[in-house]
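**Student:** Pasting a structure here, questions to come.
Below, the structure is given as structure tokens:
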């Protein structure tokens, strides 16, 4: 067993960069926090926050990319909520949602994060054999926002650690 642990440790040191470790830690912390929301609020579909939070982070740990993905998630959730109010079949709503999300995302210069926006829009619009109840997309928008908020806090905290570490190492 100890040989396995040594080999595994060696493998991880050789294959995983510091940036990738930070990405892993951010994702695990975000998923754990959102899972706690899921446990403590079982009456709400907070599992969508889990998806939202892990979509925000990237292995390169770019704060700008994280902030853009948060904006994209909020954009997609908002478009999904607006389209939900239109009384047409769900397949048409999703198709219009895809087109509108891409167009608005491009207009807002969020080209690199459109997949996040599209995922959030689908989260809000998808119907899981449920009645067309307006409360469902509102709950999902809130859940996407919870995931974005958790990701925002984690990104902010890690950027402060990075700034503190760079300042500390200079002295």
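In my numbering, the protein residues as written are 1003 to 1173.
The C-beta atom is built at its ideal place from N, Cα and C for all residues, glycine as well.
Every value quoted in this text rests on a predicted model; they were computed, and no experiment measured them.
Please name the residue in 1112, 1114, 1147 and 1111 whose C-alpha comes closest to that of residue 1126.
**Tutor:** Measuring from the Cα of residue 1126, the nearest candidate turns out to be 1147.
**Student:** Quick one: give me the first and last residue of the alpha helix (DSSP H) that residue 1066 is part of.
**Tutor:** From DSSP, the alpha helix (DSSP H) with residue 1066 extends over 1065 to 1086.
**Student:** Please go through the stretch 1087 to 1117 and give each complete alpha helix (DSSP H) segment of 4 or more residues, from N-terminal end onward.
**Tutor:** Listed in chain order, they are 1092 to 1109.
**Student:** Taking buried to mean at least 16 other C-beta atoms within 10 Å of its own C-beta, is residue 1071 buried or exposed?
**Tutor:** Buried, because 16 or more other Cβ atoms sit within 10 Å of the Cβ of residue 1071.
**Student:** Can you give me the C-alpha to C-alpha distance between residue 1025 and residue 1066, rounded to a whole angstrom?
**Tutor:** So the two alpha carbons sit approximately 14 Å from each other.
**Student:** Our contact map puts residue 1060 next to residue 1119 with C-beta atoms below 8 Å; I'd like the distance itself, whole angstroms only.
**Tutor:** Contact flag wrong, Cβ pair sits at about 15 Å.
**Student:** Residue 1103: which of 1048, 1083, 1077 and 1056 sits nearest, CA to CA?
**Tutor:** If we check each option's Cα against that of residue 1103, 1077 comes out closest.
**Student:** How is the alpha helix (DSSP H) around residue 1043 delimited, first residue to last?
**Tutor:** Careful: residue 1043 lies outside any alpha helix (DSSP H) and carries neither H nor E.
**Student:** Taking the straight line between their C-alpha atoms, what separation do you get for residue 1135 and residue 1069?
**Tutor:** Their backbone Cα atoms lie some 31 Å apart in a straight line.
**Student:** With three or more beta-carbon pairs closer than 8 Å as the criterion, would you say the stretch 1088 to 1100 touches the stretch 1109 to 1119?
**Tutor:** Verdict: no, contact absent.
**Student:** Suppose you measure from the CA of residue 1098 to the CA of residue 1124; what does that come to, to the nearest Å?
**Tutor:** Taking the straight line from one Cα to the other gives about 11 Å.
**Student:** Do residue 1048 and residue 1036 come within 8 Å of each other at the CB atom, strictly closer than that value?
**Tutor:** Taking 8 Å as the Cβ cut-off, residue 1036 and residue 1048 qualify as a contacting pair.
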